[in-house]
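Colleague: I have a structure here, written as structure tokens, and I will follow up with some questions on it.
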Amino acid sequence: MSRFRFLAFLFVLFSTSMWARPLYLEDLPPKLKKCLVCHTTRSGPELNAFGRDYENAGLEIPLDVDSDHDGFTNAQELEAGTSPGNPHEYPGHRRFPWGWVMGLGAGLLTIWIAIKKRRSSS
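Residue 147 is where the sequence shown starts when you use my numbering, and the numbers rise one by one after that.
So, in structure tokens, the structure goes:
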């Protein structure tokens, strides 16, 4: 029974969906239905520039405003699928694929270690 309580505690503690407000997410395009569109962190209450503008506009999306001052209106960013609250994410900007690079690096390191281990045991 204590293991179940511990797992339930961890689920509640680390589950950001427990604190999400799905009604706000309904206003966003499917690709952008995530907390970081309005918040600075996934689980924190602090709002980014778009989140503050959204709240100040009476929970209406301020389409003609450039909340993050990146040169694109919120409407343009929402249409392109980029976050209107992140100045480093804007239409036409291609992000560096760090996930792929890190995965490839980890794979190559694993192969190198396996080869070194095999050579040293021979």
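Ideal Cβ positions, reconstructed from N, Cα and C, are used throughout, including at glycine.
1) Any idea if P243 is buried or exposed, counting beta-carbon neighbours within 10 angstroms, 16 or more meaning buried?
2) Does L209 come out as helix, strand or coil in the three-state DSSP assignment?
3) Would you kindly work out how many angstroms separate the C-alpha atoms of Y236 and F152, rounded to a whole number?
4) If you count every other CB in all the chains shown that lies within 10 Å of the CB of F196, and 16 or more means buried, which is it?
5) Could you spell out the range, first to last residue, of the alpha helix (DSSP H) harbouring G197?
6) Which first and last residues belong to the alpha helix (DSSP H) in which S229 is found?
7) Report the rounded CA-to-CA distance for E172 versus K263, giving the unit in angstroms.
8) Any contact of the stretch 212-221 with the stretch 242-257, i.e. 3+ C-beta pairs under 8 Å?
9) Please classify P230 as buried or exposed, where buried requires at least 16 other C-beta atoms within 10 Å of its C-beta.
10) Taking a contact to mean a Cβ-Cβ separation below 8 Å, would you say L178 touches H185 in this structure?
11) What does a CB cutoff of less than 7 Å around A226 pick up in its chain, not counting 5 residues either side in sequence?
Modeller: Here's the rundown:
1) Stepping through the sequence shown from its first residue, residue 243 is reached at position 97. It counts as exposed.
2) Along the sequence shown, one-based indexing puts residue 209 at 63. Three-state DSSP puts L209 in coil, outside helix and strand.
3) Translated into positions along the sequence shown, residue 236 becomes position 90. Translated into positions along the sequence shown, residue 152 becomes position 6. If you take the alpha carbons of Y236 and F152, they lie about 41 Å apart.
4) For the purposes of this step, residue 196 is identified with residue 50 of the sequence shown, where counting begins at 1. Buried, because 16 or more other Cβ atoms sit within 10 Å of the Cβ of F196.
5) For the purposes of this step, residue 197 is taken as the residue at position 51 of the sequence shown. Per DSSP, G197 belongs to the alpha helix (DSSP H) from A195 to N202.
6) In the sequence shown, counting from the first residue as 1, residue 229 sits at position 83. Looking at the DSSP string, S229 is not in any alpha helix (DSSP H), and its letter there is neither H nor E.
7) By 1-based counting over the sequence shown, the position of residue 172 is 26. By 1-based counting over the sequence shown, the position of residue 263 is 117. Cα-Cα distance, rounded: 53 Å.
8) no
9) Along the sequence shown, read from residue 1 onward, the residue named residue 230 stands at position 84. The residue in question, P230, is buried, as its Cβ has 16 or more Cβ neighbours within 10 Å.
10) Counted from its first residue, the sequence shown places residue 178 at position 32. Counted from its first residue, the sequence shown places residue 185 at position 39. For L178 and H185, no; Cβs fall outside 8 Å.
11) As a working mapping, residue 226 is identified with position 80 in the sequence shown. The residues are P237.
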